[in-house]
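J.:
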Amino acid sequence: MVNLRYIWRPFLKYGQMIKLEENTTIYYQGEVGKGFYYLDKGSVKITLLTEKGAERTVNYVPEGMLLGENGINKEPYLTTAVTTTPSVLYYFTNETTLKIYEEEPKAVILFTNSLLYKFRLLAEIITFLNLPVEQQMAHYLVKLVKENEEFPFNQTSFARYVGTSRITVNKIIQKWSKEKLIDLSNQNIYIKNISKLKEIRDQNSKNIGDLDMLMLPLMPLMPL
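Here this note's numbering runs 9 ahead of the position in the sequence shown, where the first position is 1.
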């Protein structure tokens with residue numbers, strides 16, 4: 010995953026820089042795409058409206074990553090993206106992307122890798138939506154650390170992320186704290202024993218496959 014960060018930085022000269030305030034919607038789920046974005050500074054959350062009509066926060070985009078790749082070629086966005094802090098993004102239209110491909114052929118491989126990774130990530134997230142809360146929490150903690158290296162966050166934001174009550178999250182957090190799996194500091198959560206959290210994440214998950222493999226960067230694709 011870390012290898013996918015900043016891969017698009019060499020092409021920022023082609024994009025349109027956009028500065029957005031906190032809590033600004035970048036694109037909506039189902040909206041016809043006109044291009045994609047690169048997060049240069051700030052933070053963006055990705056939400057998904059489930060079939061039951063519930064909105065779930067399913068990811069946080071770290072700096073240096075693309076978002077909205079599935080909106081290329083006028084395809085509808087699969088999720089909604091909202092800034093959580095003042096942010097700086099670069100916007101790439103379909104026309105701009107074609108120009109990049111013509112002038113920078115390696116960009117095709119880099120973009121395709123990022124797009125495929127996001128499809129795999131979304132499939133993984135959907136798989137976890139109906140699993141027990143403790144298993145979901147373990148999964149999201151491991152995923153966020155893999156993606157962001159360090160990602161302290163409080164119990165309220167975590168409850169929104171998992172899609173359950175703060176009381177439920179707090180009970181599990183206190184249990185993990187006593188078991189020394191995590192540390193609590195100023196209401197923030199820090200992982201101490203990632204191996205044990207992976208065990209909780211993987212319990213009764215034989216049909217999910219190798220979750221660590223899902224999180225690995227894709228190998229470069231050979232051009233057709």
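Positions of the beta carbon are idealized from the N, C-alpha and C atoms, including for glycine.
By DSSP, does Tyr100 sit in helix, in strand, or in coil?
T.: strand
J.: Could you pull out every unbroken alpha helix (DSSP H) segment of at least 4 residues lying fully inside the region 85-155, listed in chain order?
T.: Listed in chain order, they are 103-112, 115-137.
J.: Would you mind giving the Cβ-Cβ distance between Pro95 and Gly51, rounded to the nearest angstrom? I have them listed as a contact below 8 Å.
T.: 6 Å
J.: Rounded to the nearest angstrom, what separates Lys54 and Pro114 at their Cα positions?
T.: A straight line joining the alpha-carbon of Lys54 with that of Pro114 spans about 30 Å.
J.: Mind checking Gly80: buried by the 16 CB within 10 Å criterion, or exposed?
T.: buried
J.: Using beta-carbon positions only, say whether Ala147 and Ile209 come within less than 8 Å of one another.
T.: yes
J.: Need the endpoints of the alpha helix (DSSP H) that Thr177 sits in, please.
T.: 175-187
J.: Cutting at 6 Å between CB atoms, please list the residues of its own chain near Leu29, excluding the five before and the five after it.
T.: Thr92, Ser96
J.: To which residues of the same chain is Leu150 closer than 7 Å at the C-beta, ignoring the five residues directly before and after it?
T.: So the qualifying residues of the chain are Ile200, Leu206.
J.: Please state whether DSSP places Ile16 in a helix, a strand or coil.
T.: coil
J.: In the DSSP assignment, what are the bridge partners of Thr66?
T.: Residue pairing of Thr66 in beta bridges, as defined by DSSP: Thr56.
J.: First and last residue of the beta strand (DSSP E) that includes Glu48?
T.: Rather than Glu, the amino acid found at residue 48 in this sequence is Leu. Where Leu48 is concerned, the enclosing beta strand (DSSP E) stretches over 44-50.
J.: Grab the span of the beta strand (DSSP E) containing Lys28 for me, first residue to last.
T.: 25-29
J.: Are the Cβ atoms of Tyr126 and Ala90 separated by less than 8 Å?
T.: no
J.: Could you check whether Leu75 and Tyr47 sit closer than 8 Å to each other, using their CB atoms as the reference points?
T.: yes
J.: Figure out for me which residue from Thr33, Gln38, Glu40, Gly44 has the closest Cα to the Cα of Gln25.
T.: For the set Thr33, Gln38, Glu40, Gly44, the Cα lying nearest the Cα of Gln25 is the one of Gly44.
J.: Just the C-alpha distance for Glu112 and Ile118, rounded to the nearest angstrom, thanks.
T.: 13 Å
J.: If you draw a straight line from the C-alpha of Ile198 to the C-alpha of Leu140, how long is it?
T.: 22 Å
J.: Going by DSSP in three states, Asn82 sits in which element: helix, strand or coil?
T.: helix
J.: For Thr173, which residues from the same chain have a beta carbon less than 7 Å from its beta carbon, with the 5 sequence-adjacent residues on both sides left out?
T.: Val142
J.: From which residue to which residue does the beta strand (DSSP E) around Leu193 run?
T.: 191-194
J.: Name the residue from Gly42, Lys155, Ile176, Val67 whose alpha carbon lies nearest to the alpha carbon of Ile134.
T.: Val67
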